[in-house]
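Participant: Chains as they are written, first to last, in this note's numbering: chain A, 1 to 231; chain B, 1001 to 1231.
C-beta atoms are modelled at their ideal positions from N, C-alpha and C, and glycine is treated no differently.
Below is the structure I would like to discuss, written out as structure tokens.
Protein chains: 2
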Amino acid sequence: MKSAHIPTLIRLLLLGAATKPAQISTTALAKEIGKSQQAASKHLLELERFGYLERIRTRRGSQVRLTQSGINQLRIIYASLKTALEELPPMVEITGELFTGLREGAYYVSLKGYSKQFMWKLGYEPYRGTLNLRLTTPMDIRIRKELMEYPGIFIEGFEDEKRSYGWVRLLPAQIGDSTSCAVFSSFERTHYDETVLEVLAPVNLRQKLGLKDGDRITVRVFLTPEKTKTP
Amino acid sequence: MKSAHIPTLIRLLLLGAATKPAQISTTALAKEIGKSQQAASKHLLELERFGYLERIRTRRGSQVRLTQSGINQLRIIYASLKTALEELPPMVEITGELFTGLREGAYYVSLKGYSKQFMWKLGYEPYRGTLNLRLTTPMDIRIRKELMEYPGIFIEGFEDEKRSYGWVRLLPAQIGDSTSCAVFSSFERTHYDETVLEVLAPVNLRQKLGLKDGDRITVRVFLTPEKTKTP
DNA sequence: ATTACTAAAAGTCGAGTAG
DNA sequence: TCTACTCGACTTTTAGTAA
């Protein structure tokens, strides 16, 4: 297989072309892979010639289905990455742009039902205010999503007179070389979209690190070894 | 990242360059990635420029170490493949047109030598009559052929006074969302051509699903993980 | 031994366009 | 619409070779 075909094959896999023929035109595929219609057409022709996919031409494009052989190509790549990546010191870096949220974070953090748990599960009482990072690249958003798969630190939900509050999960993290903090990896009730990473710390990070809105911050997130979703 | 860099980056990961600097020369890397020394050199230069790896030049080559950013690139690919491949139900869908066969299926199924095996290998006594689907698209015919590559459920051949009967193999399948059945994936002696898919079920499917000749039926075939023939 | 330059070949891609 | 061709531009690779 040519290396240029790897992203195309992955794209087709993500479009579900492994289980059932996926209806897609060369123009639409071109958009998916960020190339021209002509390139998409050529990729399909070549992948077809290599026996990695099969097509039926229809009025509005083609029905594309990956063959077992095509899926196996991806399995080979996957297997290499799996063994190597899962043995790694489990951490990822996520970069985002600092912005001021609705101060919801500050409100939730200050609630007794949560803050008591932070105290003994994190070992510190968090500063009453979270750092909100807007994730701008698809890569950071992808990594953000991956965080949900790790168990991390479980903070139970609770109820008060007014309402109930859902559980959240945190992952220990670090900004710079020494500033330890934690990021919210998943919520029972999502209150932000997936392009936002919220950081909790024992101190006022804005002050300590001299940050201002628009700064690009890199957070190093430590992943717990066991995933909640088994492979 | 350029797609040509993907195999190189994976190679470096496998060489352990993610955890500790890996000692490697451009010539050695060239061999690893199946390219020329010059190509390997260029890849290293470019990956370095992109910030995906760092190098220390030594006498006998370079010490190469992937950066978090480089590892993250691979994590993105890994994450895409992971969700798609691991959640990929090992199944394919085949669509065909119902037709009435020569009732050969019914005859074979009713033979004691087969039906006893169906009973304990499938867990049910099949209805005495099979559903014959005529595969009309080249794609479905292709998928039909591919089924032969999976071991599936082996039903031994046998002999009676008159003649001997060949082995057959079945794959578990489903019609609609709940109707479980099995399809014949391969025969020792083919009695139908490859444009026909024969479905076996514990009940009369025509009756249960209200089917009639000419109806287009989609069967979901579950593939056993191991292939008998490797690609 | 190395790495990495230049130049040329080979390959990839996109614009225009035919069927 | 669609797919996929040609052709020119750009990119990547290789051979030769310098340092």
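Pick helix, strand or coil for L14 (chain A), following the three-state DSSP scheme.
Facilitator: Looking up residue 14 (chain A) in the first sequence gives position 14. L14 (chain A): helix per DSSP, three-state reduction.
Participant: What is the DSSP secondary structure of A1182 (chain B), reduced to helix, strand or coil?
Facilitator: The residue given as residue 1182 (chain B) occupies position 182 in the second sequence. In the structure shown, A1182 (chain B) sits in a strand (DSSP, three-state: E or B).
Participant: Can the beta-carbon of I71 (chain A) be found less than 9 Å from the beta-carbon of L1147 (chain B)?
Facilitator: Residue 71 (chain A) sits at position 71 when you count from the first residue of the first sequence. Residue 1147 (chain B) sits at position 147 when you count from the first residue of the second sequence. Contact: no.
Participant: Mind checking if M1148 (chain B) is an interface residue toward chain A, Cβ cutoff 9 Å exclusive?
Facilitator: Locating residue 1148 (chain B) in the second sequence gives position 148, counting from the first residue. Taking Cβ atoms only, chain A never reaches closer than 9 Å to M1148 (chain B), which makes this a no.
Participant: Counting only Cβ pairs nearer than 7 Å, list the residues of chain A close to V1092 (chain B).
Facilitator: Stepping through the second sequence from its first residue, residue 1092 (chain B) is reached at position 92. What V1092 (chain B) touches in chain A: T19.
Participant: Based on DSSP bridge pairs, tell me the residues matched to S62 (chain A).
Facilitator: Reading the first sequence from its first residue, position 62 is the one you call residue 62 (chain A). DSSP lists A:I24, A:R57 as partners of S62 (chain A).
Participant: Contact criterion: CB-CB distance below 9 Å. Does T1228 (chain B) meet it with respect to chain A?
Facilitator: Walking along the second sequence from the start, residue 1228 (chain B) turns up at place 228. Any answer about T1228 (chain B) is weak, because its pLDDT of 40 lies below 50 and its placement is not dependable; what the coordinates show is given next. Answer no: the Cβ-Cβ gap between T1228 (chain B) and chain A never drops below 9 Å.
Participant: Looking at L197 (chain A) and A182 (chain A), is the spacing between their C-beta atoms short of 9 Å?
Facilitator: Residue numbering aside, residue 182 (chain A) sits at position 182 when the first sequence is read from its first letter. Residue numbering aside, residue 197 (chain A) sits at position 197 when the first sequence is read from its first letter. Cβ distance not < 9 Å, so A182 (chain A) and L197 (chain A) don't count as in contact.
Participant: Give the C-beta separation of L223 (chain A) and I217 (chain A) to the nearest angstrom, bearing in mind that I take them to be a contact with Cβ-Cβ under 8 Å.
Facilitator: For the purposes of this step, residue 223 (chain A) is taken as residue 223 along the first sequence, with counting starting at 1. For the purposes of this step, residue 217 (chain A) is taken as residue 217 along the first sequence, with counting starting at 1. Contact flag wrong, Cβ pair sits at about 19 Å.
Participant: Closer than 7 Å by C-beta to G152 (chain A): which residues in its own chain qualify, once you throw out the five before and the five after it? Chain order, please.
Facilitator: On the first sequence, position 152 is the one that residue 152 (chain A) refers to. Excluding positions up to five away in sequence, the list reads R169, L170, L171, S185, T224.
Participant: Beta-carbon within less than 8 Å of Q1073 (chain B)'s beta-carbon, same chain only, minus the 5 sequence neighbours each way: which residues are those?
Facilitator: As a first step, residue 1073 (chain B) must be located in the second sequence, where it is residue number 73. Within the same chain, and ignoring the five residues on either side of Q1073 (chain B) in sequence, the residues whose Cβ sits closer than 8 Å to its Cβ are M1001, L1009, Y1052.
Participant: Do the CB positions of I24 (chain A) and S62 (chain A) come within less than 9 Å of each other?
Facilitator: Along the first sequence, read from residue 1 onward, the residue named residue 24 (chain A) stands at position 24. Along the first sequence, read from residue 1 onward, the residue named residue 62 (chain A) stands at position 62. Taking 9 Å as the Cβ cut-off, I24 (chain A) and S62 (chain A) qualify as a contacting pair.
Participant: Per DSSP, what kind of secondary structure is H5 (chain A) in: helix, strand or coil?
Facilitator: For the purposes of this step, residue 5 (chain A) is taken as residue 5 along the first sequence, with counting starting at 1. Of the three classes helix, strand and coil, the one that applies to H5 (chain A) here is helix, per DSSP.
Participant: Ordered along the chain, which non-local residues of its own chain (more than five positions away) have a Cβ less than 7 Å from that of G1167 (chain B)?
Facilitator: Stepping through the second sequence from its first residue, residue 1167 (chain B) is reached at position 167. Note that residue 1167 (chain B) corresponds to Trp in the displayed sequence, not to Gly. The answer, listed in chain order, is F1154, I1155, E1156, G1157, E1188.
Participant: Go ahead and pull the three-state DSSP assignment for E146 (chain A).
Facilitator: By 1-based counting over the first sequence, the position of residue 146 (chain A) is 146. DSSP places E146 (chain A) in helix when its eight states are reduced to three.
Participant: Smallest Cα separation from T1067 (chain B): which of A:D213, A:E97, A:L15, A:E93?
Facilitator: Counted from its first residue, the second sequence places residue 1067 (chain B) at position 67. Cα-wise, what sits closest to T1067 (chain B) is A:E93.
Participant: Grab me the residues of V1221 (chain B)'s own chain with a C-beta within less than 7 Å of its C-beta, minus the 5 sequence neighbours each way, in chain order.
Facilitator: Reading the second sequence from its first residue, position 221 is the one you call residue 1221 (chain B). Taken in chain order, the residues that qualify are M1091, V1092, I1094, L1147, L1171, A1173, V1183.
Participant: Counting only runs of 3+ residues fully inside the stretch 153-178 of chain A, write out the beta strand (DSSP E) ranges in chain order.
Facilitator: Counting only runs of 3 or more, we get 153-155, 168-175.
Participant: Put L299 (chain A) into one of helix, strand or coil per three-state DSSP.
Facilitator: No answer is possible for residue 299 (chain A): it lies beyond the span of chain A, which begins at 1 and ends at 231.
Participant: Quick one: is A79 (chain A) buried, meaning 16 or more other Cβ sit within 10 Å of its Cβ, or exposed?
Facilitator: Residue numbering aside, residue 79 (chain A) sits at position 79 when the first sequence is read from its first letter. Label assigned to A79 (chain A): exposed.
Participant: Taking E97 (chain A) as the reference, give the member of A:Y114, A:K112, A:N132, A:M119 with the closest Cα.
Facilitator: As a first step, residue 97 (chain A) must be located in the first sequence, where it is residue number 97. The candidate whose alpha carbon is nearest that of E97 (chain A) is A:N132.
Participant: Compare the Cα-Cα distances from L1200 (chain B) to each of B:T1136, B:S1069, B:R1128 and report the closest residue.
Facilitator: In the second sequence, counting from the first residue as 1, residue 1200 (chain B) sits at position 200. The candidate whose alpha carbon is nearest that of L1200 (chain B) is B:R1128.
Participant: Could you list the residues in the stretch 1124-1148 of chain B with a C-beta less than 7 Å from some C-beta on chain A, going in chain order?
Facilitator: T1137, P1138, M1139, R1142, E1146
Participant: Under a CB-based cut-off of 9 Å, is Q1068 (chain B) close to chain A?
Facilitator: As a first step, residue 1068 (chain B) must be located in the second sequence, where it is residue number 68. With respect to chain A, the C-beta atom of Q1068 (chain B) has a partner C-beta closer than 9 Å.
Participant: Between the C-alpha atoms of Y124 (chain A) and F118 (chain A), what's the straight-line distance to the nearest angstrom?
Facilitator: Taking the first sequence and counting its residues from 1, one reaches residue 124 (chain A) at position 124. Taking the first sequence and counting its residues from 1, one reaches residue 118 (chain A) at position 118. Roughly 7 Å between the two C-alpha positions.
Participant: Which of the three DSSP states is assigned to G1096 (chain B) in this structure?
Facilitator: To locate residue 1096 (chain B), count along the second sequence from 1; it is residue 96. G1096 (chain B) falls in the strand class under three-state DSSP.
Participant: Any beta carbon from chain A within less than 9 Å of R1075 (chain B)'s own beta carbon?
Facilitator: By one-based count along the second sequence, residue 1075 (chain B) stands at place 75. Taking Cβ atoms only, chain A reaches closer than 9 Å to R1075 (chain B), which makes this a yes.
Participant: Assign K1082 (chain B) to one of two classes, buried (16 or more other C-beta atoms within 10 Å of its C-beta) or exposed (fewer than that).
Facilitator: By 1-based counting over the second sequence, the position of residue 1082 (chain B) is 82. That one is buried.
Participant: From the DSSP output, read off the bridge partner residues of F187 (chain A).
Facilitator: In the first sequence, residue 187 (chain A) corresponds to position 187, counting from 1. Answer by DSSP bridge pairing, in chain order: A:V168.
Participant: Of all the residues that make up the stretch 88-115 of chain A, which are near chain B by a beta-carbon distance shorter than 8 Å?
Facilitator: Those would be L88, P89, M91, V92, E93, in chain order.
Participant: Counting only beta-carbon separations shorter than 9 Å, does I10 (chain A) have a partner in chain B?
Facilitator: One-based indexing of the first sequence puts residue 10 (chain A) at position 10. At least one chain B Cβ lies under 9 Å of I10 (chain A).
Participant: Contact defined as beta carbons within less than 8 Å: I believe V1064 (chain B) pairs with A1004 (chain B). What is the distance between those atoms, to the nearest angstrom?
Facilitator: Taking the second sequence and counting its residues from 1, the one referred to as residue 1064 (chain B) is at position 64. Taking the second sequence and counting its residues from 1, the one referred to as residue 1004 (chain B) is at position 4. The C-beta distance from V1064 (chain B) to A1004 (chain B) rounds to 17 Å, too long to meet the 8 Å contact threshold.
Participant: Looking only at its own chain, which residues have a Cβ that is under 7 Å from the Cβ of E1194 (chain B), when we skip the five neighbours before and after it?
Facilitator: Translated into positions along the second sequence, residue 1194 (chain B) becomes position 194. For E1194 (chain B), where only same-chain residues beyond five positions count, the Cβ hits under 7 Å are I1141, R1144, K1145.
Participant: Please check if any C-beta of chain A sits within less than 9 Å of the C-beta of L1081 (chain B).
Facilitator: If you number the second sequence from 1, residue 1081 (chain B) lands on position 81. So yes, L1081 (chain B) belongs to the interface.
Participant: When the Cα atoms are used, what is the spatial distance from Q1038 (chain B) to T1026 (chain B)?
Facilitator: To locate residue 1038 (chain B), count along the second sequence from 1; it is residue 38. To locate residue 1026 (chain B), count along the second sequence from 1; it is residue 26. Cα to Cα, Q1038 (chain B) sits roughly 8 Å from T1026 (chain B).
Participant: When DSSP builds the beta bridges, which residues end up paired with R134 (chain A)?
Facilitator: If you number the first sequence from 1, residue 134 (chain A) lands on position 134. Answer is A:E97, A:V196, bridged to R134 (chain A).
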